[in-house]
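Trainee: Heads up: the sequence shown begins at 10 in this note's numbering, then just goes up one per residue. From the three backbone atoms N, C-alpha and C, an ideal C-beta is built for every residue, glycine too. Keep in mind it's a predicted model, so treat the numbers as computed, not measured.
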Amino acid sequence: MSREHTHTQVPAELEHLRSRVYTLEVVEGPDAGLRLQTQARVVRIGTGPECELELNDPTTSRLHARIELDQSGHRLLDESSKNGTFVNELRVRDAVIMSGARIQIGANVIAFELGDEEVSIALSKSNRFGRLLGGSASMREIFAILERISPTNTTILVEGESGTGKELIAEAVHQSSACAQGPLVVFDCSAVAPNLIESELFGHVKGAFTGATEHRAGAFEQAEGGTLFVDELGELPYELQAKLLRALESREVRRVGSNTPIKIGARIIAATNRNLHKEVELGHFRKDLYYRLAVIRVVLPPLRRRPQDIPLLVRHFLTELEVSDSVQIGYDTILKLQQHRWPGNVRELRNFVERAALLATGDRIETKHLVPPSFGDTQSEPAEDEISLGTFAEDLPFKDAKARLIERFERAYWGGLLERTEGNVSAAARIAGIHRKSAEYLLKKLDLNADA
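1. So, is K446 buried or exposed, given that buried needs 16 or more other C-beta atoms within 10 angstroms?
2. Can you give the Cα-Cα distance for L253 and L298, rounded to whole angstroms?
3. Do S185 and S159 come within 8 Å of each other at the CB atom, strictly closer than that value?
4. With a floor of 3 residues, list each beta strand (DSSP E) that falls wholly inside the region 59 to 102, ordered by position along the chain.
5. Provide the residue span of the beta strand (DSSP E) that contains K296, from first to last.
6. Any idea which residues DSSP pairs T32 with across the strands?
7. Quick one: Cα of R413 to Cα of L426, how far?
8. To the nearest angstrom, how far is it from the Cα of G385 to the Cα of S208?
9. Check for me: the beta strand (DSSP E) holding Q190 runs from which residue to which?
10. Leaving aside the five residues before and after I396 along the sequence, list all residues of the same chain whose C-beta is less than 6 Å from its C-beta, in chain order.
11. Please name the residue in H325, P352, G339, W351 whose C-alpha comes closest to that of E363.
12. Mark S190 as exposed unless 16 or more other C-beta atoms lie within 10 angstroms of its C-beta, in which case mark it buried.
13. CB-CB under 7 Å to L210, same chain, minus the five flanking residues each way: which ones, in chain order?
14. Could you compute how far the alpha carbon of Y31 sits from the alpha carbon of F152?
15. Count the C-beta pairs between the region 259 to 267 and the region 303 to 313 that are closer than 8 Å, then say yes if the count reaches three, no if not.
16. Just to confirm, are V105 and S81 a CB contact at a threshold of 8 Å?
17. Please go through the same chain and pick out, in chain order, the residues whose beta-carbon is closer than 6 Å to the beta-carbon of E77, but skip the five residues on each side of it.
18. Across which residues does DSSP place H213 in a beta bridge pair?
19. Where DSSP assigns a beta bridge to I178, which residues make up the other side?
20. According to the Cβ coordinates, are R75 and R53 closer than 8 Å?
21. Does DSSP classify N360 as helix, strand or coil?
22. Which residues mark the beginning and the end of the beta strand (DSSP E) in which G238 is found?
23. Helix, strand or coil, according to DSSP, for A275 in the structure here?
24. To the nearest whole angstrom, what separates the beta carbons of S90 and R315, a pair I think is in contact under 8 Å?
25. Using 10 angstroms around the beta-carbon of E241, count the other beta-carbons present and answer buried if the total reaches 16, otherwise exposed.
26. Applying the criterion that 16 or more other CB atoms from any shown protein chain within 10 Å of the CB defines a buried residue, is L291 buried or exposed?
27. If distances are taken between C-alpha atoms only, which option among P246, V214, I338 comes closest to H293?
28. Specify, as a first and last residue, the run of the beta strand (DSSP E) that L166 falls within.
29. Go to I114, then tell me how far its beta strand (DSSP E) extends in each direction, as first and last residue.
30. So, at 7 Å on beta carbons, what are the nonlocal neighbours of V332 in its own chain, with the 5 sequence-adjacent residues on each side left out?
31. Helix, strand or coil for L457, going by three-state DSSP, please let me know.
32. Buried or exposed: where does H349 fall if 16 or more other Cβ atoms within 10 Å of its Cβ makes it buried?
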């Protein structure tokens, strides 16, 4: 697909949230004078580097609260903070705030003021995009963006915690694009040994290094005419980031061991569970590569920040399992699920629904079936001396001994998953939390046969 090859499509139906630019200013406390003017739909407040309003007060939680615009207005939501969130001296968990409100977070008092400039935020009227589901404003805002840019050749950077569905964005964008008939190639930076990433990404020629017994096309060439999804981009070694940038800028690659340029014509979608902007500030990621990739930046919210989507997701998973007509889920169970933090996000929710449906003895899923150990399990992690790592190869150099131990773990882990899923690679990949193509690569590397 050529660089200028773009298509248009009829825009999806949209609705709009209308508001005004607003200002958050710390008027009292240790961070007095700190000011943020924004038109973003969601603003996070806390001491964490991921927060848009980053405070330095030690009595403030890392992610203390957030302000989120929806159909009801600007909502202030406490993020289960230790010291609570107050509006005009009243403690709140979820409150609609008006211009002039005084928000107390820790030792700081923050003034909320609406400005005069109007803003309009587009939301899709659909509650799905490809296999992504969500009726919340946060997801429908993302759907509206994806519906608009999918037909183009624009580079996309997707950020979000593990299990939020980053790989589903790549899949849906590819299927909605002009290169849908081309291949979707997945390259997982975390699934490839650092010393092999360059060869796997750009390819190599015969004799380029020990073990290079034939010419091999890299991921860029394999994705010609389609989409290259670079997953876990934050794991890409710093020294290779310049080579990736050069490939993106010149639209050509050179195989390892060759000086002959090869033109590339694949759309690039990158994903990471890190905040790359903060990684740039810390010097761990190249600024020029970040801006080259973040032409369109999509940040998927964790499930705990969109609990209103949980009923929709649960019904969808039950339908997928073909038990939606025979199994019901109670209101109390849904409330319990909405109160859980879901560290594994949508992937974790799906696994628990699947387990609950299998364990249900009647026609109704109860809370006891859906409650994972993290809801109330008081057992601690095993003591360090109780964890068996097998026999160490103490006669080998550290690097080689570590590599051998990791390979043992990988073989045992994937062998167990394949046995559990009866050789279903897609199911094993879903449980492991990685893309199917990444799982296929690992199985091939480990010489594990799914059928066996």
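Mentor: Judging by the given coordinates:
1. The residue labelled residue 446 in the question sits at position 437 within the sequence shown. The residue in question, K446, is buried, as its Cβ has 16 or more Cβ neighbours within 10 Å.
2. Taking the sequence shown and counting its residues from 1, the one referred to as residue 253 is at position 244. Taking the sequence shown and counting its residues from 1, the one referred to as residue 298 is at position 289. Rounded to the nearest angstrom, the two C-alpha atoms are 8 Å apart.
3. The residue labelled residue 159 in the question sits at position 150 within the sequence shown. The residue labelled residue 185 in the question sits at position 176 within the sequence shown. Yes, Cβ-Cβ distance for S159 and S185 is below 8 Å.
4. Those beta strand (DSSP E) runs which fall completely within the region 59 to 102 and span 3+ residues are 74 to 79, 82 to 87, 94 to 96, 99 to 101.
5. Counting from one through the sequence shown, the residue named residue 296 turns up at place 287. That residue, K296, is in no beta strand (DSSP E); its alpha helix (DSSP H) goes 296 to 302.
6. Along the sequence shown, one-based indexing puts residue 32 at 23. Q46, E122.
7. To locate residue 413, count along the sequence shown from 1; it is residue 404. To locate residue 426, count along the sequence shown from 1; it is residue 417. Each residue's Cα considered, the two are about 20 Å apart.
8. Residue mapping note: residue 385 aligns to position 376 of the sequence shown, counting from 1. Residue mapping note: residue 208 aligns to position 199 of the sequence shown, counting from 1. Residue placement at G385 is flagged as unreliable, the pLDDT there being 36, under the threshold of 50; the coordinate-derived value follows with that caveat. So the two alpha carbons sit approximately 46 Å from each other.
9. Sequence index remark: in the sequence shown, residue 190 carries index 181 (1-based). Looking at the DSSP string, Q190 is not in any beta strand (DSSP E), and its letter there is neither H nor E.
10. Here the question's residue 396 lines up with position 387 in the sequence shown. For I396, the predicted structure reports a pLDDT of 35, less than 50, and the residue's modelled location is therefore unreliable. A value from the coordinates is still provided. Nothing listed; no residue qualifies.
11. Numbered from its first residue, the sequence shown carries residue 363 at position 354. When only C-alpha atoms are compared, the closest one is H325.
12. Numbered from its first residue, the sequence shown carries residue 190 at position 181. Note that residue 190 is Gln in the sequence shown here, rather than Ser. Its Cβ having fewer than 16 others within 10 Å, Q190 is exposed.
13. Position 201 of the sequence shown, counted from the first residue, corresponds to residue 210. Closer than 7 Å at Cβ, skipping near neighbours: F196, G227, A228, F229.
14. Locating residue 31 in the sequence shown gives position 22, where the first residue counts as 1. Locating residue 152 in the sequence shown gives position 143, where the first residue counts as 1. Each residue's Cα considered, the two are about 24 Å apart.
15. Taking a contact to require three or more Cβ pairs closer than 8 Å, the region 259 to 267 and the region 303 to 313 do not qualify as touching.
16. Numbered from 1 along the sequence shown, position 96 holds the residue referred to as residue 105. Numbered from 1 along the sequence shown, position 72 holds the residue referred to as residue 81. V105 is a Cβ neighbour of S81, given a cutoff of 8 Å.
17. Taking the first residue of the sequence shown as 1, we reach residue 77 at position 68. For E77, where only same-chain residues beyond five positions count, the Cβ hits under 6 Å are V51, R84.
18. To locate residue 213, count along the sequence shown from 1; it is residue 204. BP columns for H213 point to R225, V265.
19. What you label residue 178 is simply residue 169 of the sequence shown in a count that begins at 1. In the DSSP output, where bridge partners are listed per residue, I178 has none listed.
20. Locating residue 75 in the sequence shown gives position 66, where the first residue counts as 1. Locating residue 53 in the sequence shown gives position 44, where the first residue counts as 1. The answer is yes: Cβ separation under 8 Å.
21. Along the sequence shown, read from residue 1 onward, the residue named residue 360 stands at position 351. Residue state for N360 is assigned as helix, using DSSP reduced to three classes.
22. Start at 1 with the first residue of the sequence shown, and residue 238 comes out as number 229. A quick correction: the sequence has Phe, not Gly, at residue 238. F238 -> beta strand (DSSP E) spans 236 to 240.
23. Your numbering for residue 275 matches position 266 in the sequence shown. Of the three classes helix, strand and coil, the one that applies to A275 here is coil, per DSSP.
24. Counting from one through the sequence shown, the residue named residue 90 turns up at place 81. Counting from one through the sequence shown, the residue named residue 315 turns up at place 306. Incorrect: roughly 19 Å between the Cβ atoms, too far for contact.
25. In the sequence shown, residue 241 corresponds to position 232, counting from 1. E241 comes out buried.
26. On the sequence shown, residue 291 is found 282 positions in, with the first residue counted as 1. L291 should be labelled exposed.
27. Within the sequence shown, residue 293 is the residue found at index 284, counting from 1. Closest option to H293, Cα to Cα, is P246.
28. Mapped onto the sequence shown, residue 166 falls at position 157. 165 to 168 is the extent of the beta strand (DSSP E) around L166.
29. Position 105 of the sequence shown, counted from the start, is the residue given in the question as residue 114. Where I114 is concerned, the enclosing beta strand (DSSP E) stretches over 111 to 114.
30. Looking up residue 332 in the sequence shown gives position 323. Result list for V332: A366, in chain order.
31. For the purposes of this step, residue 457 is taken as residue 448 along the sequence shown, with counting starting at 1. Residue state, collapsed to three classes: coil.
32. Within the sequence shown, residue 349 is the residue found at index 340, counting from 1. H349 should be labelled buried.
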